[in-house]
Amino acid sequence: MATIDYTIPGEPDLETVDININVGPQHPATHGVFRMVLTVDGELVTDVDPVIGYMHRGNEKLPENCDYRQVIGYHDRTDYLAQFNTEHCFVEAIEKLTGITPTERSEYIRVILAELNRITSHLMFIGAFGTDVGIFGTSFMYAFRDREYVQDFFEEITGERMMYNYFRPGGVAWDVPDNFRERCTQVLDHINSGLKDLEGLIVDNEVVLARCRGLSRVSIEDAINWGLSGPLLRATGLEYDLRKAEPYSIYDRFDFDIPTGKAGDVYDRVLIRLDEMKQSVRIVEQALAGMPDGPIMAEGMKRILRVPEGEIYMRVEGPRGEYGVYIVATGTDKPYRHKVRGASFSNLSALRAMSIGNYLSDVIIILGSIDIVLCEVDR
Amino acid sequence: MRSIGSYETVTFLLAENVWLDALLRMGIVALLVPVGVILLTWVERKVIGRLQQRLGPMHVGPFGLLQGLADTIKLMTKEDVRPDSADRPTFELAVFVIVVPVFMAAVAVPFTSDIFVRNMTLGLFYFLAVSSLGIVGFVMAGWGSDNKYALLGGVRAGAQLISYEIPLILSAVAVAMLGQSLNLYTLVNLQDNTPFIAYQPLAFIIFVIAGLAELYRQPFDIPVAETEVVGGPSVEYSGIRWSMFQMGEFVSLVLISALASLIFLGGWIWPFSADNATWLQVSLMVVKTSAFILFFMWMRVSVPRLRIDQLMALCWQILLPFAFLQIIINGLVLVYDWPNWTLTILSGTAAIAMGTLIYHIARRSGVLYQTSGAAQRVGSVL
Amino acid sequence: MLGILKALKTTLRAAMRKPVTVQYPTEKKELPHRSRGLPVLLWDFEKDEPFCTGCQVCARYCPVDCITVTMKDNPKKAAGKSKRKKIVDQFYLDYARCMRCDICVEVCNFDAIVMNNTWEGVELSTYDRQDLVLDTDALLKQSRTGQLKDPFREPMGVAHSGWSPKVEEEEEAEETKASEEGGEG
Amino acid sequence: MTYEEAIFYVIAAVTVAGGLGVVIARNVIHSALFLIMALLGVAAVYVLLASEFLAIVQVLVYGGAVTILILFAMMLTRVRDTAGPMDGPQRPIAALAATIFLGTTVLAVTQTEWRGNTEEATVISIYEIGEVLFTTWAMPFEIASLVLMVSLIGAIVLARGEEGE
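Residue numbers (this note's numbering), protein chains in the order written: chain A, 1 to 379; chain B, 380 to 761; chain C, 762 to 946; chain D, 947 to 1111.
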């Protein structure tokens, strides 16, 4: 923290003071119930004290008393904007531990849904980011308009709009509807046209450029040291995406690019997310073309899913970065230890370093650019 | 009876008494303005809704037309909450200090050749002076609420509104130079052939930008930024007091739009003749004013918010020099009696230069608006 | 300037399109067949009794413990009108706790519980939290009055989701044992 | 009593009340707000004297800008209520100074022979003001603007120098 002499030269009695400003837990700019206590000197933020824990619900402890298949529902609730990605991570972990091979069809369904989910999550980010920068809800409305199409699609498949609970060890809960392909293509069309709106609103807008260019620059070394992942890491220029670096599921079958930034600033983070949505569309298109028919649940699944003794750390590339789950199994039908690595939590740890010395308004944008999901932070 | 002022024309509306007449006119303004505001809130919500591909209010009345009325009733019956630690007189007076100057400014604006409250020799000057008083209200509200968001908002409002007064006044002065008058009536009458926008594009652009800033709407809604200071000075106000803030905002919106159409777009005359029928004058003014209002609403949903130091830089480093440039251009042309089209060319070139400058600065944002260095200096001074 | 003009153009273009929002309380979009509202019990019109036998498997598998079931001897079995030996006595479901995970539907061996796929299944608000604890009659009401048409039950009972279709006695015993073990662990 | 007189007394009362408020109020912000009240009262008196231009300038410069700057500075300081007693050992000296000042002012107002017609307000149009300002008084006007410019530059230099340290 920069030390600032608050006395005015020649006026020893006139001492200026910093004021503390609470942003959150109830504040229009905080995402979820995140709270940060900002120490501001005029408009300049001299210190940031993030306060988390308002959303703590024991999402790591609760599953220790749950059947493995009941845990899936809790994974939806850790990152409530990337439910399929989190489910994917957990289900893959169980499959690796037990040695179940999921069916081809279910793998394709999982990838399609996870990528569409990444799009909804990034849409949510763009919407909220626009509001943070100060567009009067327009980006939010556009993003939600497109999100709605995807969510309707998800609802047609899983029956739920938010907490899907659809993936199962060995496959998925039930088969997708017959008109899956047509509907999926429609949804992709909607996304493609909707992205144009969002780009028109945000990309190259002079005010956005003036606000976000060069804001909170992060170097590759710093990003690695802070444990950043996801778009925040890729914005610094490091091409690191778990789908490519450590391909899980069937991601090695698809052809897609990893968008990276140059400056590591807020603007790059936004552009990367916009690009990632396009890449996700590409993956979904390929997956749709390659999706085979067949069973959606592996053979020989028992009524009680007992996981043999062992432990595993499984990680996937969530929209916010590396989402990992660490499971210690003892041979029963319940995990002995269940730990979740939330990408937002690690990314959030860099907030203080990124914010200090910036303006109050910029700190709001920086927080927005991290794209936290507080459920994932507090768990 | 002693003269109360150098009014050019004294027309009586009904009563043949100056005081009664003034009272009557003020009464009409005070009555019409709230009604206009109620309608305007509906318009704004509807327009913004459509621009965001939503429907906007639909439930109260046909197309939600009565939404404003319903909101008014709701706000009036709502509990008026005052924080215990607020500075009571300041807190309660602040809203009046915001609203009264706005109504006072309304006095000077001639809406058509017949419909006005008072035709003043110094109308333009009076309007700008009186509307600057509202800043005091924001600062009072910000300080009196005993809330840090409100305080920050108040400080921001003070800094922003005071700074943007200057380019606003200077661009109006440019027009006054051209018309050789501060009387809005005279200024409009001069525009029967060509509106002043044709001669003063630079002043017009500066006026609109500064007007937007004076109205604290996007991209200059820094004092009331919802995501930063949660509504700024009005954060602790509720019910009818809060609605006074809204009223002040919307009436200023109408007045600034009306003023812009009067001094730049030829008011009730252009593109027709000076002796238009009343209905034509009214519709001309309505069309021009609404165009500005709709533009401001359109901007609101399309453009993000600037940062406070960028706002100040825009004002002091770009708008102000260019406003002076416009005045110098006008001076040269008037003194040396150059033809009017030189004015158009010079001012237009300057306007293009300003646009290019803003464009390039925004693109190379790292240079002028670096977070460290220059910008931090502004912050620590603030 | 150009970027701002582009943004202005974008919003104007959006204004030309048809609004995407609907007038919700008066105009509701159609829910998909699979829509998962809150769980309700099904009514067996043939036998004029609930499908539910009160076997408590849903209560056991509910991750949030929002179900409480008791079982009783079926009086209609004695009268010879029904094959069910046991029938549900009291079924309480706390809608305020339910997380709509669909597990109760998947584990039910009698296809007795389904997720409500009508608007009634999602629109509920009360002044008292207690009113969200529904009893047997309230849970059966949707099905009995015929409001609940064609609930999504295709995957149920099929081995798709990995939960076994039939209750065989040994498996039942195994399962009980397993859950006890888990509880200890 | 005519309308004008009645209004004048009301305005005068407000102005004096504002002036008293400035010195009596224990809260500096209240003092500043009372100052605005007093200054606006003076502007109203100018209107009664048919000096609209002066009134508007008074509102614009003092009501709008100068007091805002004062408020601004005070809002950012921690002092809310004036601590301690408002009088001190200098009380008699202050009283003496105030009395002398009041006496001088009263004397000046009553004893001066005012030029022009004091019975009726003279209407001076803005054109005349402009003309006089840029012909007869052009030199003082320019000097004043030069002084302001110098102080402006001085302020900027001071602010920059502070930053450099």
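For glycine and all other residues, C-beta sits at the position ideal for the given N, C-alpha and C.
Cutting at 8 Å between CB atoms, please list the residues of its own chain near residue i, excluding the five before and the five after it.
i, result
"A:TYR74", "ASN59, LEU62, PRO63 and CYS66"
"B:TYR528", "VAL608, VAL609, GLY610, GLY611 and VAL614"
"A:THR158", "TYR164, ASN165, TYR166 and ALA173"
"D:GLY1110", "Here the model assigns D:GLY1110 a pLDDT of 48, short of 50, so the residue's position is not dependable, and the following value carries that caveat. Same-chain partners within the cutoff: there are none."
"A:PHE180", "ILE157"
"A:LEU374", "HIS31, GLY32, VAL33, PHE34, ILE52, TYR54, MET55 and SER344"
"A:GLY294", "THR103, GLU104 and ARG105"
"C:LYS847", "THR814, GLY815, CYS816, MET832, LYS833, ASP834 and ASN835"
Which bits of chain B does residue i rub up against, with CB to CB less than 9 Å?
i, result
"C:ARG992", "No information on residue 992 of chain C is available, as it lies outside the stretch 762 to 946 that chain C covers here."
Kindly list the residues whose CB is nearer than 6 Å to the CB of residue i, restricted to its own chain and excluding five residues on each side of it in sequence; keep chain order.
i, result
"A:ASP49", "VAL37"
"C:ARG905", "TRP804"
"B:LEU641", "LEU563 and VAL567"
"C:MET777", "none"
"D:VAL960", "GLY987"
"B:PHE477", "One detail in the question is off: residue 477 of chain B reads as Ile in this sequence, not Phe. So the qualifying residues of the chain are GLY513, GLY516 and GLY627."
"B:LEU698", "PRO546 and ILE585"
"B:ALA449", "VAL439"
"A:ARG243", "TYR251 and GLU317"
"C:GLY764", "none"
"D:ILE953", "none"
"A:GLY264", "ARG217, VAL218, ALA235 and THR236"
"D:PRO1086", "none"
Starting from the beta carbon of residue i, find every residue of chain B whose beta carbon is closer than 8 Å, and list them in chain order.
i, result
"A:ASN205", "VAL682 and PRO683"
"D:LEU1092", "Within 8 Å Cβ-Cβ: nothing; D:LEU1092 doesn't reach chain B, min ~17 Å."
Taking residue i and residue j to be in contact with their CB atoms under 8 Å, please state how far apart those CB atoms are, rounded to whole angstroms.
i, j, result
"B:LEU330", "D:PHE999", "Here chain B covers residues 380 to 761 and nothing more, so residue 330 of chain B does not appear."
"B:LEU594", "B:PHE490", "Incorrect: roughly 19 Å between the Cβ atoms, too far for contact."
"B:PHE504", "B:LEU561", "5 Å"
"B:ASP775", "B:GLY523", "Summary: the structure shown does not reach residue 775 of chain B, with chain B confined to residues 380 through 761, and so no result is reported for it."
"B:SER622", "B:ILE672", "About 19 Å; that fails the 8 Å criterion."
"D:ALA1001", "D:ALA989", "4 Å"
"B:SER550", "B:ALA577", "Actually they are not in contact, since the Cβ atoms of B:SER550 and B:ALA577 sit about 15 Å apart, beyond 8 Å."
Residues of chain A with CB closer than 9 Å to the CB of residue i, please, in chain order.
i, result
"B:LYS527", "ILE19, ASN20, ILE21, ASN22 and VAL40"
"C:PRO793", "ASP152, GLU155, GLU156, ILE157, GLY159 and PRO177"
Residues of chain D with CB under 7 Å from residue i, in chain order?
i, result
"B:PHE504", "ILE1002"
Short of 7 Å in beta carbon distance, which residues of its chain neighbour residue i, apart from the five on each side in sequence? Order them along the chain.
i, result
"A:ILE19", "VAL40"
"D:ALA1043", "none"
"B:ARG620", "ASP459 and VAL474"
Along chain A, which residues have their Cβ under 8 Å away from the Cβ of residue i?
i, result
"B:PRO598", "GLY134 and VAL207"
Strictly below 8 Å CB to CB, what residues from chain D border residue i?
i, result
"B:LEU518", "The sequence shown places Val at residue 518 of chain B, rather than the Leu named in the question. Within 8 Å Cβ-Cβ: ILE1014, LEU1017, PHE1018 and MET1021."
List the residues of chain D whose Cβ lies closer than 9 Å to the Cβ of residue i, in chain order.
i, result
"B:LEU634", "The premise fails here: B:LEU634 is roughly 16 Å from chain D at the closest Cβ pair, so nothing lies under 9 Å."
Note down, in chain order, every chain C residue with its Cβ under 7 Å from the Cβ of residue i.
i, result
"A:LEU201", "ALA768 and THR771"
"B:MET437", "GLN784"
Using a C-beta to C-beta distance shorter than 7 Å, which residues of chain B count as neighbours of residue i?
i, result
"D:GLU1077", "Ordered by position in chain B, no residue passes the 7 Å Cβ test against D:GLU1077, which lies about 13 Å from the chain."
Which residues in chain C sit within 9 Å of residue i, going by Cβ to Cβ distance?
i, result
"B:ARG424", "Within 9 Å Cβ-Cβ: nothing; B:ARG424 doesn't reach chain C, min ~13 Å."
Quick one: list the residues of chain A neighbouring residue i, beta-carbon separation under 7 Å, in chain order.
i, result
"B:TYR738", "GLU206"
(message) Under 8 Å, CB to CB, which of the residues in the region 108-140 of chain A have a partner in chain B?
(response) GLY130, THR131, ASP132, VAL133, GLY134, ILE135, PHE136, GLY137 and THR138
(message) If we require 4 or more residues per run, which alpha helix (DSSP H) segments fall completely within the region 78-110 of chain A?
(response) 83-98
(request) Scan the region 217-291 of chain A and note each continuous alpha helix (DSSP H) run of 4 residues or more that stays entirely inside, going in chain order. (result) 220-226, 231-235, 242-245 and 266-290
(message) Under 7 Å, CB to CB, which of the residues in the region 863-876 of chain C have a partner in chain B?
(response) none
(message) What are the residues in the region 690-719 of chain B lying within 8 Å of chain D by C-beta distance?
(response) none
(request) Identify each residue in the region 154-165 of chain A for which the Cβ-Cβ distance to at least one residue of chain C is less than 8 Å, and report them in chain order. (result) GLU155, GLU156, ILE157, THR158, GLY159, GLU160, MET163 and ASN165
(request) Could you tell me which uninterrupted alpha helix (DSSP H) segments, each at least 4 residues in length, are contained entirely in the region 665-708 of chain B, listed from first to last along the chain? (result) 687-692
(request) Output the residue ranges of the alpha helix (DSSP H) runs that lie fully inside the region 160-211 of chain A and measure 4 residues or longer, sorted by chain position. (result) 180-202
(message) As an exercise, report each continuous beta strand (DSSP E) stretch of at least 3 residues that is fully enclosed by the region 294-331 of chain A, in chain order.
(response) 310-318 and 321-329
(message) Short of 9 Å Cβ to Cβ, which residues in the region 599-612 of chain B face chain A?
(response) ASP600, ILE601, ALA604, GLU605, THR606, GLU607, VAL608, VAL609 and GLY610
(request) Please list the residues of the region 350-371 of chain A that have a C-beta atom closer than 8 Å to any C-beta atom in chain B, keeping them in chain order. (result) GLY357, ASN358, TYR359, LEU360, SER361, ASP362 and ILE364
(request) Quick one: which residues of the region 948-961 of chain D get their C-beta closer than 8 Å to a C-beta of chain B? List them in chain order. (result) THR948, TYR949 and GLU950
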